[in-house]
Every structure is written in C-alpha cells, then in structure tokens.
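Accompanying notes for the structure given below.
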Amino acid sequence: MAGELVETGFTTPAATTLMRYLARFADDHAQACALEASSIGIAEGRLDGARIDVAVFTNLTRDHLDYHGSMEAYAQAKARLFSWPRLRLAVCNLDDPFGRELAAMTSATKVVGYTQQDRSSDRQGTIRAEDVEETIDGLRFRLCAPNGRAQVETGLLGRYNVSNLLAVAAVLIDAGLAPQAVAERFASLRSPAGRLEKLGGHNQPLVVVDYAHTPDALQSALGALRPVAAARGAGLVVVFGCGGDRDRGKRPLMGAVAARLADRVVLTSDNPRGEDQQAILDEIRVGAPAAEIVTDRAQAIRQTIVAAHPSEVVLLAGKGHESYQEIAGVRRPFSDVANAAAALAARREVAL
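Taken in order, the sequence shown gives residues 4 to 355; the numbers are from the working numbering.
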C-alpha cells in the first residue's frame, strides 16, 4: 500500500480484510483495483459484498483438489465469479475448453474472448496473438484487436505468457487504450518474484526460479525454458518436489512431466508439512524412475548448480517467491533465490 508490498497471507484475503484494503484504496483516490480471486476464496465467500466490474478467466487445470475434491467442484467455484451480480465484462480464454463454456454462460453485460490459436475466430471483440516467436530474450507477437494492431516485444518467457498478456490487453483495450499503447506498456514488464525469475547466465548456468507446483504449471515452465536451453546449446535440469498434506494424485503426474521435458531430474523436498519427505519423493518418482533424490532442498540446489555445465539451464520449481519451508508444522526461513545466488557465488569462487 502507498507503494509498499504488504503480506496478506491468503491469495484472496478474508472478506473483512479485503474490505478494509478496498476502503483504504478509496481513501487514497485509487481508480481501480486488480486482485486474484482464488477458487478457495470464492468458495469461502471472501469476495462476498465486493462490487466486481470485470472478471478474467485464464485456465482450468488440476489444482486445489485436496480442497475441492473434484475438477467439477473446482470449475464450479471459478464459474461463480462469472455470474457475479452486476458484472459488466467477462474476459475469457477461448483456447481453454472451460473458458469457452464461461463465455457462453456468463451473466456479464459484455464478453471478450482472447486466443493465440484460433485465427478464424469471428466472435465479436476477440483479441488475438499472431506470429508468436519465443526467443532467448523473451516473446514477440502481433496483438490483433477490433480497434487495431501492434507489435509486442517483452522480456517475459514462455508461450503461456502470451495468453496472460492477451488477457491484460483485453482489459486495457476495454478501458480505452489503443493496441499500440498496450504494446508500449508490455515492453517494460518484468516477471514477478518467483515467476520464471532468472539468475546467473553469464559464463554461468542460467538458473530460473518458478512457483510451478502443478503438472500443467511445470509443463509450461519447462516448455518455456526448452528453447532457451537449445539456444544456449546445453541441457535443461529441473529441481522440484511436491507439498505435503495436499493433492497426492498430482505427484506422479509431475514426475512424468519432468521426466519427459527435462534432461535431468532432481527430486527434493518442497513444503512437506506433516508428511514424511521420503514418502512424497517416492510418489513423485513413480512418474520419473530415473530421477535423482536429494532430500535436503538447500543441498539439492547447491549440488545441482555447482555441478551444472556453464551453458545449462536449471529450473528450481515449486516454491517461487516463498520465504519459508514448512517441515513438521514448523516454518523456517528459506528462499530458492537466496540459495541459488549462494550456489552461483560458490561457483565463481571456485573459478577464481
């Protein structure tokens, strides 16, 4: 607030906390507020009483099944946002099957779809990306909207970020910006902390820290880094684990994704919480039988980075921006970024 980051705890704050924040924003003469409406937050009524003008749908993939119990219940929770009282605009990803369903059933006064796949879409107001290029430095594509076109260049990595940018573009264009003005804003974007956050890379392995903690997110992160690794002429290594006391079914799926898309897989602890760390790793390894196991996360990060070839790309997945690791109910200070930086520094000292 007032230019400072404030820790809220939940992705979507409790209803009373949210209203307090909104009141303060209003007192500070804010014109708009963007927030992430988590499926759990919606289901628990944390947004109840809030006036929502615009709802944006990005995708529906496996997550939070430990809470919702099924993909159907998960989808229903997300869908509630698109039948919100007095909702003016619904922005939907037409490349996602559930996004197309939402576009058809929403109660919003206006619906805008976005796509990077369907160039023939004749849905009124559709925002499209054409001629998408992934480079070692980021993304390039043509932004196509009903009110014009513009060439977009951004330092963000990963084709999934094209979809994210299209969603943002739809909202900004609805607010009155021309596509060229949107493209100019996109040029200065940087990844949030722990979202494909890059370290090293200059005569050092390129280390990337990402929050990917679901099969789909891990696939997207590895898919984003594969062309980067190819451009560097070396392999792609992934270090990750899975959280304890959460959806167990995703563990072998994430192992299989890693085994398929990475050249080397190192399994380690995430936030085991109340579960046995080795038991979690064994379940992941069902999908990645050849994976190495280094249970201690700090040790896994250090060993992998110190041993990596200078041209390799190392993805540290699962914890992203988190500043702690929860083991046996105790949260201890821990940062993937800090551990990666220390490992890179150790490499430099050895080189000297």
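Using N, Cα and C, we set each Cβ at its ideal position, and we do this for glycine too.
For residue i, the first and last residue of its enclosing beta strand (DSSP E)
i    : result
G290 : First-last for G290: undefined, no H or E at that position.
Q222 : Looking at the DSSP string, Q222 is not in any beta strand (DSSP E); the run it does join, the alpha helix (DSSP H), is 218 to 235.
R83  : No beta strand (DSSP E) contains R83, which is instead part of the alpha helix (DSSP H) from 74 to 83.
L319 : 316 to 320
Inter-residue CB distance, residue i and residue j (contact presumed, cutoff 8 Å)
i    : j    : result
G332 : R276 : 7 Å
E137 : R103 : Their Cβ separation, rounded to whole angstroms, is 25 Å, which puts E137 and R103 out of contact at 8 Å.
I296 : L270 : 5 Å
V211 : L228 : 6 Å
Neighbourhood of residue i by C-beta distance below 6 Å, restricted to the same chain and skipping five residues each side
i    : result
L105 : F60, F85, C95
A215 : L221, A224, A320
D266 : G238, L239
D56  : R91
N342 : A301, I304
Per-residue DSSP class, three states only, for residue i
i    : result
L307 : Per the sequence shown, the amino acid found at residue 307 is Thr instead of Leu. Looking at T307 - three-state DSSP - the assignment turns out to be helix.
F13  : coil
P208 : coil
V297 : coil
R3   : The first residue shown for the chain is 4 and the last is 355, placing residue 3 beyond what the model contains.
Y117 : strand
P198 : One detail in the question is off: residue 198 reads as Arg in this sequence, not Pro. Three-state DSSP puts R198 in coil, outside helix and strand.
E187 : helix
E137 : strand
D213 : strand
N96  : strand
G44  : helix
Sheet register partners of residue i (DSSP bridge)
i    : result
F243 : L270
R276 : I330
Beta-carbon contacts of residue i that lie in its chain and below 7 Å, excluding the five residues immediately before and after
i    : result
E286 : R251, R254, P255
R83  : I45
Y24  : P16
A186 : L146, A153, Q154, V155
Q120 : D98
First and last residue of the uninterrupted alpha helix (DSSP H) at residue i
i    : result
Y163 : 163 to 177
G102 : 100 to 108
H255 : It is worth fixing the name first, because residue 255 is Pro in this sequence and not His. Its alpha helix (DSSP H) spans residues 253 to 264.
T157 : Taken as a continuous stretch (DSSP letters only), T157 belongs to no alpha helix (DSSP H), being part of the beta strand (DSSP E) at 151 to 157.
A29  : 18 to 30
L68  : 68 to 71
Same chain only: Cβ atoms within 8 Å of residue i, ignoring 5 sequence neighbours per side
i   : result
D51 : A18
Any C-beta of chain D under 9 Å from that of residue i
i    : result
G321 : Among the chains in the structure shown there is no chain D, since it carries only a single protein chain.
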